[in-house]
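First comes the structure, then the notes that go with it.
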Amino acid sequence: MATLVERLHTYEQALRQAFAAGGLLSAAAAEAQASRRLSVTCGHQVFAALAGANAEVGDAIGRAAEAHRLLETLARRMGEDVQAYGDNHKYPGDGAFTSADGSRLSVVA
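Numbering-wise (the working numbering), the sequence shown opens with residue 891 and increments by one.
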């Protein structure tokens, strides 16, 4: 179980890094467009493509978080130490959050 948790954290960190890199890439594209004094209509397809790619990474982050919570619940039911998941701030479970597919998430205690 420790290997699974370690690899899950590595995956979640990689997704966050990819999301941040996508934001930096989008900013660089906007800066390049402005520095060449191009109109906003020139290259807008590039912006749309980058935004779409980063939105997909955002969706992947949500799906990984959902898997994280499901694995945590499974581990708890199996008597594993769920503190090993390393979360400092737990999901509040107040119904304000949704999973990647849009359904409401709930915490199983």
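Virtual Cβ for every residue (Gly too), placed ideally from N, Cα, C.
Closest in C-alpha terms to A917, from the list L940, R927, V895, S929, comes L940. Going by C-alpha positions, G913 is about 7 angstroms away from N944.
Leaving aside the five residues that flank G933 on each side, the residues in its chain whose CB is nearer than 6 angstroms to its CB run, in chain order, Q923. Residue burial annotation: L964 is exposed, with fewer than 16 other C-beta atoms found within 10 angstroms of its C-beta. Taking 8 angstroms as the cut-off, the Cβ atoms of A955 and V936 do not count as close.
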